[in-house]
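Beneath this line is the structure, given in structure tokens, with notes to follow.
Numbering (my numbering), first residue to last: 23 to 234.
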């Protein structure tokens, strides 16, 4: 297979870096020790990508064989621990970096699936999986309800980002680099706007349960 282009590699490492910050910040807020923070950060940073690579046949997964991912996760974790007061200045840092990582991985997950010759459906599904997989693992390990199972617009934003990549590749209106940038911006903006204005998906509760 042809080598993935520079933008893909940059976005994938950037997603690894920001998701590691998200995981490290969440783990530190829960009072985990150094090993626990590093483990959660790496799992959040590389978990979704490892699942994607296993699904598309990119074995062994890049997250386990490419040292760049490990280094990016370690640097992000060290920065989060050492500069935590600075990280805390951001409004809800875990949510911010999680939204950025979500957007980056939705784009790169779809890109890599297409690059390995898979169809549009697989690319969209694995774009979502790449984006939300690490966050789901983080929330489960930290005993929280995963964001994709709640009413927030989370996986939906990743879906739109992956769809833009796939449609751009199919229609070829713009170059793949521009398609990726547009998908990234729209996914990230949608996630932040949903948080800012409390946009949620419908919730169907059991009225009888609520009355009891």
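Where a beta carbon is used, it is the ideal one built from N, C-alpha and C, also for glycine.
Nearest-angstrom Cα separation, counted from residue j out to residue i
i           : j           : result
residue 188 : residue 44  : 27 Å
residue 93  : residue 226 : 43 Å
residue 32  : residue 131 : 13 Å
residue 231 : residue 167 : With a pLDDT of only 48 at residue 231, under the threshold of 50, the placement of this residue in the model should not be trusted, and no figure is reported.
residue 106 : residue 151 : 29 Å
residue 60  : residue 142 : 35 Å
residue 74  : residue 154 : 11 Å
residue 207 : residue 149 : 15 Å
residue 79  : residue 178 : 25 Å
residue 104 : residue 111 : 14 Å
residue 68  : residue 87  : 11 Å
residue 34  : residue 224 : 32 Å
residue 199 : residue 83  : 24 Å
residue 138 : residue 81  : 12 Å
residue 174 : residue 134 : 27 Å
residue 55  : residue 28  : 36 Å
residue 101 : residue 171 : 30 Å
residue 89  : residue 203 : 26 Å
residue 117 : residue 64  : 17 Å
residue 220 : residue 119 : 18 Å
residue 91  : residue 211 : 26 Å
residue 222 : residue 194 : 32 Å
Cβ distance (whole Å) where residue i is taken to contact residue j below 8 Å
i           : j           : result
residue 48  : residue 109 : Contact doesn't hold; Cβ gap of about 11 Å is too wide.
residue 191 : residue 136 : 6 Å
residue 196 : residue 146 : About 18 Å separates the two Cβ atoms, so there is no contact after all.
residue 176 : residue 213 : 7 Å
Counted within 10 angstroms of its Cβ, other Cβ atoms place residue i as buried (16 or more) or exposed
i           : result
residue 162 : exposed
residue 165 : exposed
residue 201 : buried
residue 24  : With a pLDDT of only 44 at residue 24, under the threshold of 50, the placement of this residue in the model should not be trusted; the figure read from the coordinates follows. Label assigned to residue 24: exposed.
residue 185 : buried
residue 50  : buried
Proximity below 7 Å, CB of residue i to CB of residue j
i           : j           : result
residue 156 : residue 66  : yes
residue 183 : residue 205 : yes
residue 128 : residue 77  : no
residue 123 : residue 37  : yes
residue 58  : residue 71  : no
residue 98  : residue 169 : no
residue 96  : residue 160 : no
Whole alpha helix (DSSP H) elements within the segment 156-227, 4-residue minimum: 177-193, 198-219
Give, in chain order, every unbroken run of the alpha helix (DSSP H) that is at least 4 residues long and sits entirely within the segment 99-126. 106-110
Extract the residue ranges of the beta strand (DSSP E) inside the segment 23-96, only unbroken runs of 3 or more that lie entirely within it. Annotation note: the segment 23-96 contains no uninterrupted beta strand (DSSP E) run of length 3 or greater.
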